[in-house]
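This report concerns only the one structure given below.
2 protein chains.
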Amino acid sequence: MPDPEKIKELKNLATLIRYYTLVATTHAGSGHPTSAMSATDLMTGLFFGGAFRYDLDNPRHPNNDRIIFSKGHASPLFYSLWAAAGKLTAQDMLTYRQFGSPLEGHPTVAFPYTEAATGSLGQGLSIGVGLALNAKYLDKLPYRSYVLLGDSEMAEGSQYEAIQLATHYQLDNLIGVLDVNRLGQRGETMYGHDLMAYERRIAAFGWETILIDGHDFAEILPAFEQAQTVKGQPVMIIARTIKGKGVSFLEDKNGWHGKVLSPEQLEQALPELGPVDQAVRGKIARPQDLRPQEVQPQKAGKVSYEPGKAFATRKAYGNALKRLYPQYPKMVSLDGEVSNSTYAEIFKEAYPPRFFEMYIAEQNMVGAALGLACRGKLPFVSTFAAFLSRAFDQIRMSQYSDANLKFCGSHAGVSIGEDGPSQMGLEDLAMMRAVLNSVVLYPCDAVSTEKLVEAMAEYKGIAYLRTTRMGTPVIYGEDEEFPIGGSKVLRQSEGDLATVLAAGVTLFEALKAYDELKKEGILIRVIDLYSIKPVDVQTLQEAARATKFLVTAEDHFPEGGLGEAVRSALAAHPAPVYSLAVTKKPRSGAPEQLLDYEGISKDGIVNLIKQLEKRL
Amino acid sequence: MPDPEKIKELKNLATLIRYYTLVATTHAGSGHPTSAMSATDLMTGLFFGGAFRYDLDNPRHPNNDRIIFSKGHASPLFYSLWAAAGKLTAQDMLTYRQFGSPLEGHPTVAFPYTEAATGSLGQGLSIGVGLALNAKYLDKLPYRSYVLLGDSEMAEGSQYEAIQLATHYQLDNLIGVLDVNRLGQRGETMYGHDLMAYERRIAAFGWETILIDGHDFAEILPAFEQAQTVKGQPVMIIARTIKGKGVSFLEDKNGWHGKVLSPEQLEQALPELGPVDQAVRGKIARPQDLRPQEVQPQKAGKVSYEPGKAFATRKAYGNALKRLYPQYPKMVSLDGEVSNSTYAEIFKEAYPPRFFEMYIAEQNMVGAALGLACRGKLPFVSTFAAFLSRAFDQIRMSQYSDANLKFCGSHAGVSIGEDGPSQMGLEDLAMMRAVLNSVVLYPCDAVSTEKLVEAMAEYKGIAYLRTTRMGTPVIYGEDEEFPIGGSKVLRQSEGDLATVLAAGVTLFEALKAYDELKKEGILIRVIDLYSIKPVDVQTLQEAARATKFLVTAEDHFPEGGLGEAVRSALAAHPAPVYSLAVTKKPRSGAPEQLLDYEGISKDGIVNLIKQLEKRL
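These protein sequence lines are chains A and B, in that order. In terms of this note's numbering, the first sequence is residues 1 to 616. In terms of this note's numbering, the second sequence is residues 617 to 1232.
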């Protein structure tokens, strides 16, 4: 039974936090006060009840406990907690949702106590999985990762991906706090206040579950204590709560989601909270000052491939991870049950403790990778390019966490052949280009793949590498450099009629087209546009000036890919750019047949250039 | 206990099917024979054991039972079943995976017995949910929907989205068949042959579960019989199977996923199957000849909005659904727990039986919508534009089913304001443009929204509508027409310096820029580019000829959106196109502040044009 004095103190803190919540949201004119109020006692109990350990002056301390608000719309609570801990003033709280304030509508990394941006529901638990994997298997630190979950968001399948993986990796350092307040945005959730419905499901996946009244500190504090004693499995505290708890006309009422009180309603509500002690501040226990063992980087070995020999870029990706790990000892690899196709298995076999099998659950894979990145790791995430689309929301959200995350999508394009369209990545360039400050790379051979994986490792931010299923000949020497934003002019003469811009598998089609056209006396410039974003504007502009028109050829749909990247690069100095891309519904067939069918093979390039030449 | 004669017949059929599987895959040189063999007895029992009812001569019969191979890589089994039913010849089977054959590597709708294309795992059960919702709530027909599931794909969270929703809607006409063959692509699954692990999880969500030996017809047939007697809940038959069953050197062996036998290995394997009766054909029971009640379309009412009055396009979307339903009685609306934000609730309140609350589970929402579309319904799927990214893989896959599916993404762009970046759709245009033959629409006012929803309903295929959170003034008259692929030239004079292309919220910024520039003697053309794909090439080319340069302004990231659509339209007749788009990490703030911050407001447009004018 917790100390009555402690409970009294926590009640005072909870009152202050509800006060901040209501005042800040009314002042902002928008926000989700009722979703904050249901979880206030839970989080107050966690932060100030003794379980949570955190160095307030050093949010990046490697042994801090971690807290993720998966229900990011409870941000008024999140900020109020740090205010109650003394790290924000009452005045700061009034900047909530104002332009320029770090206290954004949903938590972002503009606020130093935010581990990762949230607000798209059902992502926080995956981030927690990443944080917990890091503690248990990499940093080997005793910190715990707590995730506040809403009941509505338990409808997201990503939750069950995270739940099953956490069990698989026996993450007893991961503690979910499920705020079952019964009401979603537009009405009751699927299970209302049926806590057992959640317990059955979560326990079936192998979690320890603890059911409590989420407004009773005499249940909250022992729950967090008990959670710390569980071994070998994650813990979910499932709490019955009341949305809008603390204000009678808000409590358990539908229609108050995402609504704030008017100033008049606020005046009516505040007295209901009882006396507010604006001076009270909560204490958070400090963590042990433990740090992970640091591994000193060592220079990576050299790239070595036999020129002219066919080698799949996907396999070079695996080789590159293995080769580069000594130089980037923060590197980890995550793969979605296809490591023998993406060739992440080469890394896995070389450095088993640095590889995480994430099974066929791409959303959780990306969320967990973000969690690992938050703890300073350098995650390389791989699956088929097509299946990265499964995690677009997680990829999108990771840009708001300023994540240092690397993606590799294998099996790009129709050139995968017989497996058919479901397995073909044909929209991955569009998807990955549409991420703020992303880097998008598409190598054609093994050497450039290796060099570009290194460039990705060096780059701080989100980077994507597109690899090809089939083998392609090695055309670059081992000392060739491949800076991000560069390109390679592979064929060039005085009097080039046109420039062909290609990458990956189509680059070889362009080279074949060069040979064939040359025989007929037509000279073309051929550029390997391995860096799709940023794209080599200068070289493109030179080519546009030097040749009559440009032709792009890509194994991707026309929208958002290489062709549009080229056009955007030339926007102010326009030149005619003709695009060859995948425009017919792809089918099963041999790679060469499919490249021909889509008109992106040598013949397609040759025919277009001859046709355009006639028109000149 | 099933009839021994029946079992003998089924065994003969299963032998023939395994024979076809092995021969076809070896002939093709690629495929997944072992994944087909584990499920052969299950599917043979379903098809030919009496449970499955199907009019072989009429695959589109509305009362046929439905079968979805969620594990689409078991396609050799899928095709072999129809061969064993007499609908494909041994010769047809040899076209498997050949270019031009309907027997593609993963099932596509090129094959008339495929309900929906599969191959990206974890999607079939959602499609089944849609098929079952249709039977129970719309067509009111007794057909059942069967979904063959792999054990590896049970790691996908989308499965649990489908599982929970099926329980919620009491889909006792949905029967899953889980082929637990223990082995995934690169090794053992998370649970191996622990059938109880699957049972605990699935039963916890409220499904009836039946555990069987998946190779014993004496268990398979009763399981399907029992499944038909369950009331009020869906059923999962969880079957212990052996990957590669039937050939000793394949059975339960790792390393055989996605691999075919060499001709020599085939010769060694075939005798192990026992005598193959190539003449045996299975009988499938016919369904009752029931048909859904047809509702005659009635002309929809007229659009009516007060000119100049602010009205949110998202609300006009809801109004349009309600107004148009009588004209499109196949219409249904699905929403992800945000119907009071997307305004799908207007339709829901008018036509409750046509609305499906799908909770916060976007993947399953899109999969189920595809299932409904497969049964001839006209689904409109709505959520925040940002959260449609959660279902990109399902959207991507639906293009391979030639789906007639409509999407609405609300809360587009930074103009949503204070909620911050997690809620802002800033990559939805890029995502939806990169879908084959998609239509992408972005209206600026209530009238054009209504007209474009009608155009979407009329269009056969995938169409996307982008709506805005805040109110925008009604600028179009009620009789204005908005064809797909059109645009509206709103300001135009002799001597226009530049053309501004905008849509949605930026259109009003462009109109304000027009007013301001006009005062300074600079005339610009302003075009409402409401159809982003297809885009109005002719009008753009005219504008490019008539004015010195073009400026695009969009509340979207620069890649894959309106700006790149314009450039692609002008590719062959290039003109300078300068783009204003969201290029800084968005924040919380007032809509106007954020439009200013990103430089896509009136000031951004005016400043760019004046700056460019000086350079001329």
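Idealized CB from N, CA, C, for every residue including glycine.
DSSP, reduced to helix, strand and coil, places leucine 426 of chain A outside both helices and strands of the structure shown, so it counts as coil. Within chain A, not a single residue places a beta-carbon under 8 Å from that of glutamine 1154 of chain B; the smallest gap is close to 18 Å. The Cβ of aspartate 795 of chain B sits no closer than 7 Å to any Cβ of chain A. In the DSSP annotation of this structure, cysteine 444 of chain A is not part of any alpha helix (DSSP H), being labelled neither H nor E. Distance between phenylalanine 727 of chain B and isoleucine 1078 of chain B, taken at the CA atoms: about 20 Å. Annotation for proline 1059 of chain B: Thr929, Thr1065, Leu1068 and Tyr1146 place their beta carbon closer than 6 Å to its own, counting only its chain and skipping 5 residues before and after. Distance from the Cα of aspartate 555 of chain A is smallest, within the candidate group A/Tyr351, A/Val474 and A/Leu594, for A/Leu594.
Counting C-beta pairs with one atom in each stretch, the segment 563-582 of chain A and the segment 1186-1196 of chain B have three or more that are closer than 8 Å, which means they touch. Under the three-state reduction of DSSP output, phenylalanine 69 of chain A falls in the strand class.
Looking only at A/Lys614, A/Lys610 and A/Gly589, the smallest Cα-Cα distance to glycine 716 of chain B is reached by A/Gly589. Of the other Cβ atoms in all chains shown, fewer than 16 fall within 10 Å of the Cβ of leucine 1232 of chain B; this residue is therefore exposed.
Between leucine 290 of chain A and leucine 141 of chain A, the gap from beta carbon to beta carbon is short of 7 Å.
In the structure shown, glutamate 1170 of chain B adopts coil according to DSSP, grouped into three states. Here the alpha carbon of histidine 193 of chain A sits roughly 23 Å from the alpha carbon of glutamine 226 of chain A.
Boundaries for serine 1204 of chain B: no alpha helix (DSSP H) harbours it, and the DSSP string shows neither H nor E there.
DSSP places leucine 529 of chain A in the coil class of the three-state scheme, outside both helix and strand. With the rule of 3 Cβ pairs closer than 8 Å, the segment 370-390 of chain A does not count as touching the segment 178-185 of chain A. Assignment of aspartate 1219 of chain B by DSSP, reduced to helix, strand and coil, places it in the helix class.
Here methionine 709 of chain B is buried, its C-beta having at least 16 other C-beta atoms within 10 Å. Bridge partners of serine 955 of chain B according to DSSP: none are assigned.
Listed by position along chain B, the residues whose Cβ is nearer than 8 Å to that of isoleucine 360 of chain A are Leu737, Gly738, Ser768, Glu769, Ala771, Glu772 and Gly800.
Methionine 1072 of chain B sits in a helix when the DSSP states are folded into three classes. When Cβ-Cβ separations below 7 Å define contact, arginine 1231 of chain B makes no contact with chain A. Looking at the backbone, the Cα of lysine 348 of chain A and that of threonine 34 of chain A are separated by about 46 Å. Fully enclosed alpha helix (DSSP H) runs of no fewer than 4 residues occupy 195-204 and 217-227 of the segment 162-231 of chain A, in order along the chain. Segment contact: the segment 391-405 of chain A against the segment 367-379 of chain A, three or more CB-CB distances shorter than 8 Å; contact assigned. In terms of CA proximity to valine 440 of chain A, A/Ala455 leads the group A/Glu337, A/Ala455 and A/Leu46.
DSSP, read as helix, strand or coil, puts methionine 709 of chain B in helix.
Under the Cβ criterion of 7 Å, arginine 1183 of chain B is counted among the residues facing chain A.
For a Cβ distance threshold of 8 Å, residue set Met190 of chain A lies close to histidine 784 of chain B, ordered along the chain.
Residues of the segment 275-307 of chain A whose Cβ lies closer than 7 Å to any Cβ of chain B: none. Note that the segment 257-270 of chain A does not touch the segment 288-303 of chain A; fewer than 3 beta-carbon pairs, one per stretch, sit closer than 8 Å.
Listed in chain order, the non-local C-beta contacts of valine 1105 of chain B below 6 Å within the same chain comprise Ile1143, local neighbours out to five positions each way being set aside. If you draw a straight line from the Cα of glutamine 123 of chain A to the Cα of alanine 498 of chain A, it is about 48 Å long. Taken atom to atom, the span from the alpha-carbon of tyrosine 198 of chain A to that of glycine 176 of chain A is near 12 Å. Here asparagine 680 of chain B is buried, its C-beta having at least 16 other C-beta atoms within 10 Å.
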